[in-house]
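Novice: Following my numbering, the numbering of the sequence shown begins with 116 at its first residue and continues without gaps.
One structure coming up, written as structure tokens, with questions to follow.
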Amino acid sequence: MLWPLVLSSSRSVVAPKLTRGHGQHATAPAPPHPFQQLPQELIDQIIDKLCKNIPTLKSCSLTCRRWLPRSSAHLFASYAIPPLPND
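What follows is the structure, encoded as structure tokens:
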């Protein structure tokens, strides 16, 4: 069941509709995270500046799905495979 919520003030403000979750409490949808509003090109440029900081790139790769491809590209840009030992 949906529960509409309207707030009165000097300006007309209408809040998002509240919905019932699994429990008895009504829950409002979560507002978008500020990073979701940034263009991907800007995020890529920020991650590019971190290319030498491996611990931070690892954190970025785990923070957000949108950050993973660029972070991984820097983390795995050069990977040396050691030679097999001679028997």
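Just so you know, even glycine gets a beta-carbon here, dropped at the ideal spot from N, CA and C.
Here the structure is a predicted model, which is why all the values come from computation and not from measurement.
(1) Tell whether a beta-carbon distance below 9 Å holds between LEU165 and HIS189.
(2) How big is the Cα-Cα spacing for SER174 and PRO184?
(3) With distances taken between CB atoms, is the gap from GLN152 to ARG181 smaller than 9 Å?
(4) How many whole angstroms separate the CB atoms of ILE162 and SER186, which I take to be in contact at a CB cut-off of 8 Å?
(5) Thinking just about the alpha-carbon of each residue, which of PRO146, THR142, LYS167, HIS148 is nearest to the one in ALA192?
(6) What's the C-alpha gap between THR171 and LEU177?
Specialist: Put simply:
(1) What you label residue 165 is simply residue 50 of the sequence shown in a count that begins at 1. What you label residue 189 is simply residue 74 of the sequence shown in a count that begins at 1. Going by C-beta atoms, LEU165 is nearer than 9 Å to HIS189.
(2) On the sequence shown, position 59 is the one that residue 174 refers to. On the sequence shown, position 69 is the one that residue 184 refers to. Taking the straight line from one Cα to the other gives about 13 Å.
(3) Locating residue 152 in the sequence shown gives position 37, where the first residue counts as 1. Locating residue 181 in the sequence shown gives position 66, where the first residue counts as 1. No, the pair does not count as a contact, with Cβ atoms beyond the cut-off.
(4) Taking the sequence shown and counting its residues from 1, the one referred to as residue 162 is at position 47. Taking the sequence shown and counting its residues from 1, the one referred to as residue 186 is at position 71. With a Cβ gap of about 6 Å, ILE162 and SER186 count as contacting.
(5) Position 77 of the sequence shown, counting from 1, holds the residue named residue 192. Nearest option by C-alpha distance: LYS167.
(6) Residue 171 sits at position 56 when you count from the first residue of the sequence shown. Residue 177 sits at position 62 when you count from the first residue of the sequence shown. So the two alpha carbons sit approximately 10 Å from each other.
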